[in-house]
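>
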Amino acid sequence: MRKHQSFDNGRLWHFRGVVTSGRREDGRDVDNAFPLQLPGTSRLLMAYRSHRCERNEITPTWNYTHYRIRIAYFDEGMWWAEHLSEVEEREANGDPTKLNGLWEPFLRVDGKGVLQAFYSSENSDVDQDNLMRFSKDGGKTWSDERIVVSGGEIVTR
1 MRKHQSFDNG RLWHFRGVVT SGRREDGRDV DNAFPLQLPG TSRLLMAYRS
51 HRCERNEITP TWNYTHYRIR IAYFDEGMWW AEHLSEVEER EANGDPTKLN
101 GLWEPFLRVD GKGVLQAFYS SENSDVDQDN LMRFSKDGGK TWSDERIVVS
151 GGEIVTR
């Protein structure tokens, strides 16, 4: 994932750095990037998923072994500090009917200045919840509490 910046309303774009990289061939699957600039600062956060995977030798597919929602940050330098924190992480349970992945991170700041991270959390192949955790220190640490935003007791995808 790379960051580019425009100083002329999008006419020209300038390379500003690499957030992170990962290829399935190297055992990493990186995707679902979501940027957010913290209000009143020059700090830019990037939420993304960074999963570990391994090639299934029997079928031409990839199996996830570890799920992670990560936060990286950028403070006007050329390079990103790849890892500020992990919003959530867990080992894959290895059962394709009981998926337990973490997906689609989304960041926002509430009216009181508290950073919120929303993401999808699989419970099975037919069920997932959308969760929210919050940070009062700009994404360095996250609440222990996981607030269920949608799903909960309802089996839904």
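The sequence shown begins at 1 in the UniProt record's numbering and counts up one residue at a time.
Note that CB positions come from ideal geometry on N, CA and C, so glycine has one too.
Being a predicted model, the structure only gives us computed values, none of them experimental.
#1: Using C-beta distances below 6 Å, list every residue in its chain close to Trp142, excluding the 5 sequence neighbours before and after it, in chain order.
#2: Just mark Arg157 as buried or exposed, buried being the case when its beta carbon has 16 or more other beta carbons within 10 Å.
#3: Nearest to Asp75 by alpha carbon, out of Lys3, Val148, Tyr67, Ile154?
#4: Cβ of Arg68 within 8 Å of Cβ of Glu91?
#5: Applying the criterion that 16 or more other CB atoms from any shown protein chain within 10 Å of the CB defines a buried residue, is Gly139 buried or exposed?
#6: If you compare alpha carbons, which of Tyr73, Arg55, His51 is closest to Gly17?
#7: Buried or exposed: which applies to Ser6, given that a residue is buried once 16 or more other Cβ atoms fall within 10 Å of its Cβ?
#8: Between Ile154, Asn130, Trp103, which has its C-alpha nearest Arg146's C-alpha?
#9: In chain order, what are the residue ranges of uninterrupted beta strand (DSSP E) at least 3 long that sit wholly in the segment 32 to 78?
#10: Report back the beta-carbon spacing between Asp29 and Cys53 to the nearest angstrom; my notes put them in contact at under 8 Å.
Taking the definition as stated:
#1: Val87, Arg133, Ser135
#2: exposed
#3: Lys3
#4: no
#5: buried
#6: Tyr73
#7: exposed
#8: Asn130
#9: 44 to 55, 62 to 74
#10: 5 Å
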